[in-house]
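Enquirer:
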Amino acid sequence: MSGTDEDRADALFQALSDRTRRDILRRVLAGEQSVTALADKYDMSFAAVQKHVAVLERAGLLTKRRQGREQLASGDVQAVRSVASMLEEFESVWRGRIARIDALLADDPPQPPHPHRSEEH
Amino acid sequence: MPVVAVARDLDARTLTITARFDAPVERVWQLYADPRQLERVWGPPTHPATFVEHDLRPGGRTTYYMTSPEGERYAGWWEITAVDEPRSFTFDDGFADEDFNPMAAMPVSHNVYTFEPDAGGTVATFRSTFDSAEGLQTVLDMGVEEGATQAINQIDGLLAADAAA
Numbered sequence: 598m599s600g601t602d603e604d605r606a607d608a609l610f611q612a613l614s615d616r617t618r619r620d621i622l623r624r625v626l627a628g629e630q631s632v633t634a635l636a637d638k639y640d641m642s643f644a645a646v647q648k649h650v651a652v653l654e655r656a657g658l659l660t661k662r663r664q665g666r667e668q669l670a671s672g673d674v675q676a677v678r679s680v681a682s683m684l685e686e687f688e689s690v691w692r693g694r695i696a697r698i699d700a701l702l703a704d705d706p707p708q709p710p711h712p713h714r715s716e717e718h
Numbered sequence: 282m283p284v285v286a287v288a289r290d291l292d293a294r295t296l297t298i299t300a301r302f303d304a305p306v307e308r309v310w311q312l313y314a315d316p317r318q319l320e321r322v323w324g325p326p327t328h329p330a331t332f333v334e335h336d337l338r339p340g341g342r343t344t345y346y347m348t349s350p351e352g353e354r355y356a357g358w359w360e361i362t363a364v365d366e367p368r369s370f371t372f373d374d375g376f377a378d379e380d381f382n383p384m385a386a387m388p389v390s391h392n393v394y395t396f397e398p399d400a401g402g403t404v405a406t407f408r409s410t411f412d413s414a415e416g417l418q419t420v421l422d423m424g425v426e427e428g429a430t431q432a433i434n435q436i437d438g439l440l441a442a443d444a445a446a
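Chains as they are written, first to last, in our numbering: chain A, 598 to 718; chain B, 282 to 446.
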């Protein structure tokens, strides 16, 4: 994986590390929304919402287009997928590891149900 | 299948896997305390692990390496930060140079493993958290991938799980 890809991965996670931005992303993945309409949904200034939208845009999670005086934002499904795929890959590592643990434990000779030290004489 | 649950937390870069093993907690603990057993499960068959030092006690240090099919060695270290034998232990896992000196510029993952008794068996929970996406990617690039990365069709699931959090 190239440095550029890694930078991109970091930008993705950075963008998703904020609750408001995740919420914005959910909305724009569901359908195109004007930034004004988005701003109405949050108890923060239009400028603050616009800033969150810009972070998502820089990370490639969201695209914007202009229509008259409105800025319309929509989510990029592919980009969201790439974040998910990294964790999925790590999960497959763990699934393999757990299967090996299970196999190793199954190799054990049968144990008495209540192992105890031999009685003193 | 021993894996009973998987939780992926995108924004926290955390993976939590829960598995049930048909062995008592003490037996599972023993697997983690014994480097000879641990190395049999840690690395995938293509990248077997060798544990050089291993001390499952608070402040204990572990050094290990994995060998790629080309013979290249990837070294790592653990620092055990908390131990509650046989129920849980917490450790940082990072990359090392060939002399096992931690590589400061390389990512470190934070891990909590817990083992709970469950009807004669053990429910194990493995939680790994990465400081950055780059860290997670580096770990994946170190040759520990198993199997092909599958197509993802779970965006909605992930986002929904996140919303419920």
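By construction, the Cβ of each residue, glycine as well, lies at the ideal position given by its N, Cα and C atoms.
What you are looking at is a predicted structure, and each value in this text was computed from that prediction instead of being measured.
For T343/B and L609/A, what's the separation of their Cα atoms in angstroms?
Expert: For the purposes of this step, residue 343/B is taken as the residue at position 62 of the second sequence. For the purposes of this step, residue 609/A is taken as the residue at position 12 of the first sequence. Spanning the two alpha carbons is a distance of roughly 32 Å.
Enquirer: I want to verify the contact list: residues of chain B whose CB lies under 7 Å from the CB of F643/A, in sequence order.
Expert: As a first step, residue 643/A is located in the first sequence; it is residue number 46 there, counting from the start. Residues of chain B passing the Cβ test: none, with the nearest at roughly 24 Å.
Enquirer: Please name the residue, chosen from R294/B, L337/B and W358/B, that lies closest to A347/B on a Cα-to-Cα basis.
Expert: Within the second sequence, numbered from 1, the residue matching residue 347/B stands at position 66. Ala is not the amino acid found at residue 347/B; the sequence shown has Met there. It is W358/B whose Cα lies nearest to the Cα of M347/B.
Enquirer: How close, in whole Å, do the beta carbons of V322/B and R692/A come, if the pair is a contact with beta carbons under 8 Å?
Expert: Here residue 322/B corresponds to residue number 41 of the second sequence, with the count starting at 1. Here residue 692/A corresponds to residue number 95 of the first sequence, with the count starting at 1. So it is not a contact: roughly 12 Å between Cβ atoms.
Enquirer: When the Cα atoms are used, what is the spatial distance from F411/B to G665/A?
Expert: Residue numbering aside, residue 411/B sits at position 130 when the second sequence is read from its first letter. Residue numbering aside, residue 665/A sits at position 68 when the first sequence is read from its first letter. Those two C-alpha atoms are separated by around 43 Å.
Enquirer: Mind checking whether Q668/A and V625/A have CB atoms under 7 Å apart?
Expert: Within the first sequence, residue 668/A is the residue found at index 71, counting from 1. Within the first sequence, residue 625/A is the residue found at index 28, counting from 1. No, the pair does not count as a contact, with Cβ atoms beyond the cut-off.
Enquirer: Using 10 angstroms around the beta-carbon of R289/B, count the other beta-carbons present and answer buried if the total reaches 16, otherwise exposed.
Expert: Sequence index remark: in the second sequence, residue 289/B carries index 8 (1-based). By the 10 Å Cβ count, R289/B comes out buried.
Enquirer: Residue range of the alpha helix (DSSP H) that P398/B falls in?
Expert: Mapped onto the second sequence, residue 398/B falls at position 117. P398/B -> not in any alpha helix (DSSP H); beta strand (DSSP E) instead, spanning V389 to D399.
Enquirer: Is the beta carbon of V285/B sitting closer than 7 Å to the one on P367/B?
Expert: Within the second sequence, residue 285/B is the residue found at index 4, counting from 1. Within the second sequence, residue 367/B is the residue found at index 86, counting from 1. Going by C-beta atoms, V285/B is not nearer than 7 Å to P367/B.
Enquirer: Alpha carbon to alpha carbon, what distance is there between T295/B and T395/B?
Expert: Residue mapping note: residue 395/B aligns to position 114 of the second sequence, counting from 1. Residue mapping note: residue 295/B aligns to position 14 of the second sequence, counting from 1. Their backbone Cα atoms lie some 15 Å apart in a straight line.
Enquirer: Taking C-alpha atoms, which residue in T297/B, D378/B and I361/B lies nearest to H335/B?
Expert: Taking the second sequence and counting its residues from 1, one reaches residue 335/B at position 54. That would be I361/B, whose Cα lies nearest to the Cα of H335/B.
Enquirer: So, at 8 Å on beta carbons, what are the nonlocal neighbours of T331/B in its own chain, with the 5 sequence-adjacent residues on each side left out?
Expert: Counting from one through the second sequence, the residue named residue 331/B turns up at place 50. Answer for T331/B: E320, Y345, Y346, M347 and T348, listed in chain order.
Enquirer: From which residue to which residue does the alpha helix (DSSP H) around R655/A run?
Expert: In the first sequence, counting from the first residue as 1, residue 655/A sits at position 58. Taken as a continuous stretch (DSSP letters only), the alpha helix (DSSP H) holding R655/A covers F643 to R655.
Enquirer: Please report the straight-line C-alpha distance between H328/B and G672/A, rounded to a whole angstrom.
Expert: Taking the first residue of the second sequence as position 1, residue 328/B is located at position 47. Taking the first residue of the first sequence as position 1, residue 672/A is located at position 75. Approximately 39 Å between the Cα atoms of the pair.
Enquirer: By a C-beta neighbour count over all protein chains shown, 10 Å radius and 16 as the cutoff for buried, is A670/A buried or exposed?
Expert: Indexing the first sequence from 1 puts residue 670/A at position 73. By the 10 Å Cβ count, A670/A comes out buried.
Enquirer: Can you pull the chain B neighbours of I698/A, defined as C-beta to C-beta under 7 Å?
Expert: As a first step, residue 698/A must be located in the first sequence, where it is residue number 101. F302, L312 and V322, listed in chain order.
Enquirer: Going by C-alpha to C-alpha distance, which of A314/B, P283/B, R308/B and F302/B sits closest to T371/B?
Expert: Counting from 1 along the second sequence, the entry for residue 371/B is found at position 90. When each option's Cα is compared against that of T371/B, the closest is A314/B.
Enquirer: Residues of the stretch 619 to 641 of chain A with a CB closer than 9 Å to any CB of chain B: list them in chain order, please.
Expert: R619, D620, L622, R623 and L626
Enquirer: Which residues of chain A have a Cβ atom closer than 9 Å to the Cβ of F407/B, listed in chain order?
Expert: Translated into the one-based positions of the second sequence, residue 407/B becomes position 126. Within 9 Å Cβ-Cβ: W691, R694 and I695.
Enquirer: In whole angstroms, what is the alpha-carbon distance linking V425/B and Q311/B?
Expert: Within the second sequence, the letter at position 144 stands for residue 425/B. Within the second sequence, the letter at position 30 stands for residue 311/B. Interpretation of V425/B is limited by its pLDDT of 40, a score under 50 that renders its predicted location unreliable; no figure is taken from the coordinates.
Enquirer: Residues of chain B with CB closer than 9 Å to the CB of D673/A, please, in chain order.
Expert: Position 76 of the first sequence, counting from 1, holds the residue named residue 673/A. Within 9 Å Cβ-Cβ: nothing; D673/A doesn't reach chain B, min ~11 Å.
Enquirer: Please give me, in chain order, every unbroken run of the beta strand (DSSP E) with length at least 3 that falls completely inside the stretch 335 to 412 of chain B.
Expert: 342 to 348, 354 to 365, 369 to 377, 389 to 399 and 402 to 411
Enquirer: Is there a C-beta anywhere in chain B that falls below 7 Å from the one on D704/A?
Expert: Indexing the first sequence from 1 puts residue 704/A at position 107. Not one chain B Cβ lies under 7 Å of D704/A.
Enquirer: Taking buried to mean at least 16 other C-beta atoms within 10 Å of its own C-beta, is D699/A buried or exposed?
Expert: For the purposes of this step, residue 699/A is identified with residue 102 of the first sequence, where counting begins at 1. Label assigned to D699/A: buried.
Enquirer: Please work out which residues of its chain come closer than 8 Å, Cβ to Cβ, to M384/B, disregarding the five sequence neighbours upstream and downstream, and give them in chain order.
Expert: By one-based count along the second sequence, residue 384/B stands at place 103. Correct list, in chain order: G375, F376, A377 and D378.
Enquirer: May I ask you to list the residues that DSSP assigns as paired with V284/B?
Expert: For the purposes of this step, residue 284/B is identified with residue 3 of the second sequence, where counting begins at 1. DSSP lists A300/B as partners of V284/B.
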